[in-house]
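See structure below.
Okay, here's the thing in structure tokens:
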């Protein structure tokens, strides 16, 4: 499977789209939809600019890694397009390592009902603010939309 345009639009909506290079909070040069590294063989750096079409092409390339990861999972459940899109968005955000050991993955491998799996999205809404673990409104909204997409 591959992510749909609807799934890509959700990633863009929550990750943001920046056509001018910037340093993320971790100090890494970033452009487009969270793209790091290089653009056409050139390291991302101060003053680099891309078009929206280039940003979307980079996103489509970046998301392939997460599509392959989801497609390789030994899920007992056959995924719908909505499930696949939601999982790719989710894993794009939290990373493959976090997902690999998650209850969500375990439930998918055990063929738990979709509604039970979908409840797991709501557990991934925490971030660190001033050294304290807090529920983040942006993550709460993202997980709500991923949950809706998963069940669609």
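In my numbering, the protein residues as written are 456 to 607.
We put the CB at the ideal spot given by N, CA and C, even for glycine.
Here the structure is a predicted model, which is why all the values come from computation and not from measurement.
Here's the rule: buried if 16 or more other CB atoms are within 10 angstroms of the residue's CB, otherwise exposed. What is residue 575?
buried
Assuming the contact rule is C-beta atoms closer than 8 Å, residue 458 and residue 539 should be a hit. Round their C-beta distance to whole Å, please.
7 Å
Three Cβ pairs or more, each shorter than 8 Å: is that satisfied between the segment 507-527 and the segment 481-489?
yes
What does the alpha-carbon distance come out to for the pair residue 571 and residue 493?
40 Å
DSSP three-state call for residue 504: helix, strand or coil?
strand
For the segment 528-594, which segments carrying the beta strand (DSSP E) assignment without a break, of at least 3 residues, lie completely within its bounds, in sequence order?
581-584 and 587-590
Applying the 10 Å Cβ sphere with the 16-neighbour rule, what's the burial state of residue 479?
exposed
Does the segment 586-601 come into contact with the segment 463-478, if we say contact requires no fewer than three beta-carbon pairs (one atom in each stretch) closer than 8 Å?
yes
Which residue comes first and which comes last in the beta strand (DSSP E) that contains residue 486?
484-487
Between which residues of its own chain and residue 521 is the CB-CB distance below 7 Å, once the five residues before and five after are set aside?
The beta carbon of residue 521 lies closer than 7 Å to those of 543, 546 and 547 in the same chain, with the five residues before and after it left out.
Limits of the unbroken beta strand (DSSP E) element including residue 474:
473-478
Please report the distance separating the alpha-carbon of residue 607 from that of residue 537.
6 Å
For a quick check, are the C-beta atoms of residue 507 and residue 463 less than 8 Å apart?
no
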